[in-house]
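Visitor: There's a structure below that I have some questions on.
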Amino acid sequence: MTSLGPELIAESLSLVVYTVVAGLLTVGGVLVEQASLQHLGSGEAMIAVWLAVLGGVMLYAGAYGLGYQKVLSQYV
Numbered sequence: 001m002t003s004l005g006p007e008l009i010a011e012s013l014s015l016v017v018y019t020v021v022a023g024l025l026t027v028g029g030v031l032v033e034q035a036s037l038q039h040l041g042s043g044e045a046m047i048a049v050w051l052a053v054l055g056g057v058m059l060y061a062g063a064y065g066l067g068y069q070k071v072l073s074q075y076v
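Once you know that position 67 of the sequence shown is 67 in the UniProt record's numbering, the rest is easy, because the numbers rise by one and skip nothing.
Shown next, in the form of structure tokens:
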């Protein structure tokens, strides 16, 4: 009789970790983009551009890199 418990738990745990990290990166990216717009409105263009690039990278990593390629590919 084989035990699939440890393998199943390890796979599920890694999927949960990827899901949480993808969610945190995506929410963080949205918040950084919002801060970018606030700095742009206050006239600090260089900081706004820097935050916009950082937010874009975070959104890409969270939504596409981890969310789509790692998490969604496991479900489908």
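Just so it is clear, CB atoms sit at the ideal spot from N, CA and C, and this is done for glycine as well.
Under 6 Å Cβ to Cβ from Leu-54, same chain only, skipping five residues before and after it: list those, please.
Guide: Val-32
Visitor: Determine the closest residue to His-39 out of Gly-29, Leu-51, Gly-28 and Val-30, with distance taken between C-alpha atoms.
Guide: Closest option to His-39, judged by alpha-carbon separation, among Gly-29, Leu-51, Gly-28 and Val-30: Leu-51.
Visitor: By DSSP, does Glu-33 sit in helix, in strand, or in coil?
Guide: helix
Visitor: Does the separation of the CB atoms of Leu-25 and Gly-62 fall below 7 Å?
Guide: yes
Visitor: Which word fits Gly-5, buried or exposed, when buried means at least 16 other C-beta atoms lie within 10 angstroms of its C-beta?
Guide: exposed
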